[in-house]
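Participant:
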Amino acid sequence: MEAVAETTTSKATRLSVNRGITLTIPVIGRITVGHTIVKNDKVLPVKDDHFTLTTLFQDKKTRVWEEHPLQKTLTKGEEKLRAIPVRIAYNDVNLNLHNSFSAFDPQKGRALCVGNGDRARRVTEDGVKEIDCPRPEACEYGQRYRCKNFSRAYFRVEGQEDELGAFILRTTSFNSLDRLGSRLNQLSGLTGGCIANMPMLLVLETKTTTQSFREPIYFADLVTRPGMKLLDAVKEAREYQESMEKAGLSIEGLEEALRAGLGNSDFADDLEDADEWLSDEDLITAVEQQGRRTGLRGMDSLTQRLNLLATQQPGGEEDEQSTGQGAEGAPAEQLGGPDGAPVAGETSAPPETPDAQQPDLLAA
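Residue numbers (this note's numbering): 65 to 428.
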């Protein structure tokens, strides 16, 4: 069936596609804080203490993402990229930052269950059903399928050529979610929702907490650019939106179209989301602590093992908490907390021994 155009209340038309097909925000690149290395024919995830801008291409053999041209422009040589000049993509804070509890199928890479702590949509034999969402720690299904707090943040990087595209930062970090969410909410409240194209700086901050055993952890934050006052940033955003309006361009119409595209399916997920979610360090640790300490032979091997874990009932085998040790050698019950435990999206200091095979990835 050919796609047809549906007339809306305005003069704009909206593409009509089959139900279940998601029209996502056009992603033109990735913002990550981690990479992979090949060691002894094994692909191991490694955390970084800096950002990396990549394209959407990943080498099949090495699992290395191609570096985006803007990476060299912003690093100016060999410097580490710890601050990225960005612009807020949309007025709608929920388009800039999406957060949910998410569980993925480790084989197909598609979402199985997505919720907000109140209600959730879950794939069942009878199709997708809406159910109560008790949150992962109180959900047997969530524990079985490793449900995680998962966030996607969208930014426009200064210097990008595609004016409608955005870079995506995926993370399971509570600290990154807390800081980015708070900043966006504050800016939206201060400006009455006029934040699109506001010039800001995406930075990698660090802190220590009791739960991190005073080891430094990293998280993403959004601050004003050096030498620029907040009032200057707000003024620039307003001038941009006024010029768009004078030119007959509707930011509200653009955001309405994006919301409609995202809402066309049961789950607004990308296939790449599962890759970031599977890279979470506690998932890798869970696999290793099942007594299978033979190393990771690529992420495909990790996928197979997680799929095996997903078929086991909670309590059937000793899990990561019953071992008493977590990803950083800390008690597992102290990891993953909202106040600084090393979770995906946050990094801690690398192990002192270079050859230590400690899976250590920031899922961002």
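Each residue gets a CB set at the ideal place from its N, CA and C atoms; glycine is no exception. Since this is a predicted model, take the numbers as computed values, not measurements.
Could you have a look at Leu145 and say whether DSSP puts it in helix, strand or coil?
Facilitator: Here Leu145 sits in strand by DSSP.
Participant: What is the rounded straight-line gap between the Cα of Ile250 and the Cα of Asp156?
Facilitator: Checking the displayed sequence, the identity of residue 250 turns out to be Gln instead of Ile. Cα-Cα distance, rounded: 13 Å.
Participant: Once you ignore the five residues that flank Leu347 on each side, which residues in its own chain have a CB closer than 6 Å to its CB?
Facilitator: No answer about Leu347 holds up, because its pLDDT of 48 lies below 50 and its placement is not dependable.
Participant: Please work out which residues of its chain come closer than 6 Å, Cβ to Cβ, to Trp129, disregarding the five sequence neighbours upstream and downstream, and give them in chain order.
Facilitator: Excluding sequence neighbours, Trp129 sits near Thr118, Gln122.
Participant: Drop a sphere of 10 angstroms on the beta-carbon of Leu399, count the other beta-carbons inside from all chains shown, and report buried for 16 or more, exposed for fewer.
Facilitator: Because Leu399 carries a pLDDT of 37, less than 50, the predicted location of this residue cannot be relied on, and the following value inherits that uncertainty. Per the 10 Å Cβ criterion, buried.
Participant: Could you tell me the alpha carbon to alpha carbon distance between Gly93 and Glu320, rounded to whole angstroms?
Facilitator: In a straight line, the C-alpha of Gly93 is about 23 Å away from that of Glu320.
Participant: Measuring straight from C-alpha to C-alpha, what distance separates Ala184 and Ile148?
Facilitator: If I take the Cα positions, the gap works out to 34 Å.
Participant: Under 8 Å: do the region 257-266 and the region 192-203 share three or more Cβ pairs, one atom per stretch?
Facilitator: The answer is no - the region 192-203 does not touch the region 257-266, with fewer than three Cβ pairs under 8 Å.
Participant: To the nearest whole angstrom, what separates the beta carbons of Val221 and Val150, a pair I think is in contact under 8 Å?
Facilitator: Contact flag correct, Cβ pair sits at about 6 Å.
Participant: Flag this pair as yes or no: are the beta carbons of Pro280 and Thr272 separated by less than 8 Å?
Facilitator: Yes.
Participant: Does Arg127 come out as helix, strand or coil in the three-state DSSP assignment?
Facilitator: Coil, per DSSP.
Participant: With a threshold of 8 Å on Cβ separation, who are the neighbours of Arg83 within its own chain once the five nearest residues in sequence on each side are excluded?
Facilitator: These residues qualify, in order along the chain: Asn328, Ser329.
Participant: What are the boundary residues of the beta strand (DSSP E) that Ala217 is part of?
Facilitator: Unbroken beta strand (DSSP E) run through Ala217: 212-221.
Participant: Let me check understanding here. Comparing Cα to Cα, which of Pro90, Leu138, Met308, Arg247 lies closest to Ala284?
Facilitator: With distances taken between Cα atoms, Ala284 lies closest to Arg247.
Participant: If you draw a straight line from the alpha carbon of Arg323 to that of His162, how long is it in whole angstroms?
Facilitator: Arg323 and His162: Cα-Cα distance of roughly 12 Å.
Participant: Rounded to a whole number of angstroms, what is the C-alpha to C-alpha distance between Arg146 and Arg186?
Facilitator: Taking the straight line joining both Cα atoms gives about 38 Å.
Participant: Check whether the Cβ atoms of Leu108 and Thr100 sit closer than 8 Å, and answer yes or no.
Facilitator: In this structure, Thr100 lies closer than 8 Å to Leu108 by Cβ.
Participant: Can you look up Thr255 in the DSSP assignment and give me helix, strand or coil?
Facilitator: Of the three classes helix, strand and coil, the one that applies to Thr255 here is helix, per DSSP.
Participant: Following the continuous alpha helix (DSSP H) through Val157, name the residue where it begins and the one where it ends.
Facilitator: Residues 157-160.
Participant: With DSSP collapsed to three states, give me the class of Ile89.
Facilitator: In the structure shown, Ile89 sits in coil (DSSP, three-state: anything other than H, G, I, E or B).
Participant: Tell me the DSSP secondary structure of Gly229 in three-state form.
Facilitator: Coil.
Participant: Is Arg247 helix, strand or coil by DSSP?
Facilitator: If DSSP states are grouped into helix, strand and coil, Arg247 belongs with the helices.
Participant: Which of the three DSSP states, helix, strand or coil, is assigned to Gln305?
Facilitator: It is helical.
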